[in-house]
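Q: The structure's right below; bear with me while I get my questions together.
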Amino acid sequence: MHTPKARFAFVLLIPALLALSVSEAAAQKQKQSADAARAECFRQANEAAAAVSFASPGATAERNARGVSAYRDCARRMGIRP
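As structure tokens, this is what we get:
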């Protein structure tokens, strides 16, 4: 019915496709995890920036500095690239 070469190719093809689909699923899960970590870092940065009083003359610069600092600290803790 089938030639030995065709059976051999089929036997090699199935595990290769299975390994490819498993690695692709792992990469997708890792991307979702990084997206969630990044969202949490943005939330923390916004919280830190909102804590600055608007009354001071350099409030904008201070808010920016605190937000960036909080985001980078969180990204370092989460193990993602800022």
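The numbering of the sequence shown is our numbering, which starts it at 1 and goes up by one. Idealized CB from N, CA, C, for every residue including glycine. No experiment lies behind these values; they were computed from the predicted model shown.
1. Exposed or buried, which one is A49 when buried takes at least 16 other CB atoms within 10 Å?
2. I'd like the span of the alpha helix (DSSP H) that includes V68, first residue to last.
3. Counting only the same chain and skipping the five closest in sequence on each side, list residues whose C-beta sits under 7 Å from that of R76.
4. Run the CB neighbour count on R63, radius 10 Å, all protein chains shown included, and call it buried at 16 or more, exposed below.
5. Can you name, in chain order, every residue of its own chain whose Cβ lies under 6 Å from the Cβ of A37, other than the five neighbours on each side?
6. Let me make sure I understand the geometry here. Which of A55, T3 and R43 has the alpha-carbon closest to that of Y71?
A: If we stick to the structure as given:
1. What you label residue 49 is simply residue 49 of the sequence shown in a count that begins at 1. Its Cβ being crowded by 16 or more others within 10 Å, A49 is buried.
2. Position 68 of the sequence shown, counting from 1, holds the residue named residue 68. Where V68 is concerned, the enclosing alpha helix (DSSP H) stretches over A59 to M78.
3. Within the sequence shown, the letter at position 76 stands for residue 76. Hits under 7 Å: none found.
4. As a first step, residue 63 must be located in the sequence shown, where it is residue number 63. R63 should be labelled buried.
5. As a first step, residue 37 must be located in the sequence shown, where it is residue number 37. Hits under 6 Å: M78 and I80.
6. Within the sequence shown, residue 71 is the residue found at index 71, counting from 1. Considering only alpha carbons, the answer is R43.
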